[in-house]
Structures are given as structure tokens and as C-alpha cells.
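**Q** Add 1273 to the 1-based position in the sequence shown for the working numbering, that's all there is to it.
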Amino acid sequence: TQVLVEGPVSPKKQLIVALAVVVGGMLAVMFVLVRNAVRNRKARMAEA
1274 TQVLVEGPVS PKKQLIVALA VVVGGMLAVM FVLVRNAVRN RKARMAEA
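#1: If you reduce the DSSP assignment to three classes, tell me which class K1285 lands in.
#2: DSSP on V1294, reduced to helix/strand/coil?
#3: Between A1310, R1314 and V1294, which has its C-alpha nearest K1286's C-alpha?
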């Protein structure tokens, strides 16, 4: 059976903002980890 919803359905702004914050934080952490790994590798290569 189908349920009819009366009125327009609005986007869930709080959920979208929360997801954007979480995803942005994860991307920032990943960027920092990759940058740190690259710097450490370059430093080790320079020592050898």
C-alpha cells in the first residue's frame, strides 16, 4: 500500500550540515596523514 504525504517535503538541513561537517573532517584528516607520510618518506630518502 502507498502512503500519501500531504504538503511539500523539505530537505533535512541539519542532517545535510552534519554530514558535510563529518565528511569534511574525514577528508582533512586524510589529507594531513598523507602529507605527513610523504614528508617522512622524503626525509628518509634524503638521509640514505
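Beta carbons are placed, not taken as given, at the ideal position from N, Cα and C, and that holds for glycine.
**A** The structure says:
#1: coil
#2: helix
#3: V1294
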